[in-house]
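Numbering (the numbering used here), first residue to last: 10 to 136. Step one of this worksheet: look at the structure below.
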């Protein structure tokens, strides 16, 4: 598979990373008692992806090597993705679904066409 058919990328996905919570002046908000900076999820990009739940067999096989992998996401290659990000499947008229990446697998041909991302459902790191 050298490239992705655009028609298979039918799910809207928002990529988010934890960032500082800012006040109306653009200053970071700090907890008065602990001094810790408040954080919130910040959008990095919105992309099209294919989200496929794992079959029962794949789910059982993945349990032996990686915990909590419930689906795979395929998207065009994107540099800079990290495991501390989260992927939000934006669904019109229904609640969004949050996925946490468990790894990033580049395509076999060039490594730059698409990524397969094993994901687990959840709220994301830090929440």
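C-beta atoms are modelled at their ideal positions from N, C-alpha and C, and glycine is treated no differently.
Where residue i falls, given that 16 or more other Cβ within 10 Å makes a residue buried
{"i": "residue 114", "result": "exposed"}
Three-way DSSP call (helix, strand, coil) for residue i in this model
{"i": "residue 43", "result": "coil"}
{"i": "residue 125", "result": "strand"}
{"i": "residue 49", "result": "strand"}
{"i": "residue 91", "result": "coil"}
{"i": "residue 17", "result": "helix"}
Contact set for residue i: own chain, Cβ-Cβ below 6 Å, skip 5 residues either direction
{"i": "residue 52", "result": "23 and 25"}
{"i": "residue 106", "result": "98"}
{"i": "residue 102", "result": "none"}
Minimum C-alpha distance to residue i - residue among the options
{"i": "residue 78", "options": "125, 33 and 35", "result": "125"}
{"i": "residue 94", "options": "118, 110 and 129", "result": "110"}
{"i": "residue 48", "options": "36, 58 and 17", "result": "36"}
{"i": "residue 54", "options": "123, 21 and 119", "result": "21"}
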